[in-house]
Each structure stands twice: as C-alpha cells, then as structure tokens.
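Student:
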C-alpha cells in the first residue's frame, strides 16, 4: 500500500507531500491541473526514464520519494535480501534524485540501488493503468501474458524460468565434469604412452650409473685414445719398449741360470712380467 508521496522541483511542482489513507483514494481536478504529473512522478520512483528538462526551472535537482507498507511475500523478500535492503516495521521508502546533468541516484531504505531494482520493486508494488491502456491489447508481445492470465497460469512463466535456470546451471556443471573427465582421459593416455616408452627401453637397476660412466667415457674419448696409444707404444710397440727390454732380460737371465741356478727363478719372473705387460698392451688396444 502506498502511504506517502513526496515530490520536489519536478516540472511545475515546487514541493508537495501527499498522505494516502486506507482504502480508495481519489485525486480530482480540472484538465491541466497536474494530476498526471503525480502519476508520472510515481512512475519515475518505480524506475521510469527521466529527463533533466523535467527539473523545475531554476533548480539543480528534483527529488521523488514514496513510502509503501508492504506485506510478506517470498518474491519481495528475496529481492530485498539479494540487495542487502533492511526493512523495519514493514515500511519501504523508495527515493530517487535527478540532477541537472541528467544523472539520477536511487535508494531503498537509504541503501543505494541500481535503477533495475526500482523497476523490479515497481512490478511487485504498483499497477499503473492509463486512459489508453486498452491499446495494449493490440500489441502481440502482450498476448501471451493475457493467455497466461486467462488460464490462471500467472506463476507458470516464473516457474519455467526457474526450471530453465536450474537446467542451465546443471548443464554447466555437467559440461564442467565432462571437461574434467576429458582432461583425465588425456592425462591417463599420456601416462600409458610414457609407460610403454619406458617399458620398451627396459631400464635396469643401477643402469643410470652405467650410463653416466659411458657418457663420461664418450666425452673424454679423445683423451683416452691418446693416452692408450701412447702407453701401448711405450709398453709394447716402439723400439726399446718395456716388453722388448723384459724379453732381453729374460733371455740373458736364462743364459746365466746355466751358470747359477738362482737366476732361473728371476728369468721366469721376467717372463711372467713380460706376459702381463703384453696382456695390458692388448687391453689398451681395445
């Protein structure tokens, strides 16, 4: 129920406050007395468009305010709760201010709100009917509303909208789950591929140590080859090599053994040393 209507600096109105009583209230007057201005002001409070030209000449701001006594309704309560609007003693005070730049501010119980909230509240609080209301019958966009009302299906559009939003939310959740499943499948396929690659290589225990050793050998191959060739030459290949000297020593000591048998054991040791050096030389060539 509309309890009060306050208007300041709007078109021809300087300032006015109207108190409404319970039941039917009638505002009468001659044509041009300003009755429609009151209706337009109420419409502005409930979210209709405003022009800065509607501000009273010489003023910088127009103010519109209406006080409603509201009953408990689920849709109304949900809207107020959603916008953090506190209601005391079932009173709803809607205030709108228009400045000379054409911008407006809206408040519900002193809480700033966007214009859309006023429009939503207007749908719940007030039905405005003009003298040309019957012309709405000619608008095709309205026909579905009339059919719903005639069939007593006023709640069906809201129920359908709610069901659609629930379906949309669940479809989104389903798509999210499917996306996660696809990601999981791709990850599993990658892991299976990596496992097969590793299984094909057939890694063995301590293989990393061996591979590091092989890598080190390959990295120092030139150095190893140079050293191996040099020592092979010194031990076996070149003139005056160790094996050549040991061979000469073995022969000479064997000859001395015919004079002194004690040289026989030494000659055998030289022969063993020569064979060991030849074995080492052979390994250096591999």
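Numbering (this note's numbering), first residue to last: 365 to 650.
Ideal Cβ positions, reconstructed from N, Cα and C, are used throughout, including at glycine.
Which same chain residues end up closer than 7 Å to residue 599 when comparing Cβ atoms and leaving out the 5 residues on each side of it in sequence?
Tutor: 605, 606, 607, 641, 644, 645
Student: Fully enclosed by the stretch 406-473, which alpha helix (DSSP H) runs are 4 residues long or longer?
Tutor: 438-446
Student: Whole angstroms are fine: how far does the CA of residue 618 sit from the CA of residue 610?
Tutor: The alpha-carbon atoms of residue 610 and residue 618 are separated by roughly 12 Å.
Student: Quick check: the Cα distance between residue 367 and residue 470, rounded to an integer number of angstroms?
Tutor: 19 Å
Student: If you draw a straight line from the C-alpha of residue 493 to the C-alpha of residue 432, how long is it?
Tutor: 19 Å
Student: Is it right to say residue 472 is buried, meaning 16 or more other beta carbons lie within 10 angstroms of its own, or is it exposed?
Tutor: buried
Student: Just the C-alpha distance for residue 464 and residue 524, rounded to the nearest angstrom, thanks.
Tutor: 43 Å
Student: Out of 402, 601, 592, 412, which one is the CA nearest neighbour of residue 393?
Tutor: 402
Student: Taking buried to mean at least 16 other C-beta atoms within 10 Å of its own C-beta, is residue 510 buried or exposed?
Tutor: By the neighbour-count rule (16 or more Cβ atoms within 10 Å), residue 510 is not buried but exposed.
Student: In terms of residues, what are the limits of the beta strand (DSSP E) holding residue 383?
Tutor: The continuous beta strand (DSSP E) containing residue 383 extends over residues 377-383.
Student: In the DSSP assignment, the beta strand (DSSP E) including residue 366 goes from what residue to what residue?
Tutor: 366-374
Student: Does the contact criterion of 3 or more C-beta pairs under 8 Å hold for the stretch 383-392 versus the stretch 443-457?
Tutor: Judged by Cβ distances under 8 Å, the stretch 383-392 makes no contact with the stretch 443-457, as fewer than three pairs qualify.
Student: Comparing alpha-carbon positions, which option in 426, 578, 575 lies nearest residue 462?
Tutor: 426
Student: Taking one C-beta from the stretch 407-414 and one from the stretch 476-486 each time, how about it: are there three or more such pairs within less than 8 Å?
Tutor: yes
Student: Check residue 625 in the structure and name its three-state DSSP category.
Tutor: coil
Student: Looking only at C-alpha atoms, which of 468, 440, 438, 390 sits nearest to residue 418?
Tutor: 468
Student: The alpha helix (DSSP H) spanning residue 515 covers which residue range?
Tutor: Residue 515 -> no alpha helix (DSSP H), and no H or E assigned at all.
Student: Just how far apart, CA to CA, sit residue 541 and residue 553?
Tutor: Cα-Cα distance, rounded: 18 Å.
Student: Relative to the C-alpha of residue 458, which residue among 504, 476, 441 is closest?
Tutor: 476
Student: To the nearest whole angstrom, what separates the beta carbons of residue 420 and residue 391, a pair I think is in contact under 8 Å?
Tutor: Contact flag wrong, Cβ pair sits at about 20 Å.
Student: Return the first residue and the last residue of the alpha helix (DSSP H) that residue 492 is part of.
Tutor: Careful: residue 492 lies outside any alpha helix (DSSP H) and carries neither H nor E.
Student: So the candidates are 489, 415, 423; which of them puts its Cα closest to the Cα of residue 437?
Tutor: Closest option to residue 437, judged by alpha-carbon separation, among 489, 415, 423: 489.
Student: Could you give the uninterrupted runs of the beta strand (DSSP E) lying entirely in the stretch 537-609, keeping only those of 3 residues or more?
Tutor: none
Student: Any beta carbon from chain D within less than 7 Å of residue 525's own beta carbon?
Tutor: Any reference to chain D falls outside this structure, which holds one protein chain only.
Student: Give the single residue among 466, 460, 637 whose Cα lies nearest to the Cα of residue 478.
Tutor: Of 466, 460, 637, the residue nearest in Cα terms is 460.
Student: Please report how far the alpha carbon of residue 602 lies from the alpha carbon of residue 591, in whole angstroms.
Tutor: Here the alpha carbon of residue 602 sits roughly 15 Å from the alpha carbon of residue 591.
Student: Please classify residue 576 as buried or exposed, where buried requires at least 16 other C-beta atoms within 10 Å of its C-beta.
Tutor: exposed
Student: Expressed to the nearest angstrom, what Euclidean distance is found between the alpha-carbon atoms of residue 513 and residue 548?
Tutor: 51 Å
Student: Which residues share a DSSP beta bridge with residue 476?
Tutor: Bridge partners of residue 476: 471.
Student: Spatial neighbours of residue 518 within its chain, please: C-beta separation below 7 Å, excluding the five flanking residues on both sides.
Tutor: 512
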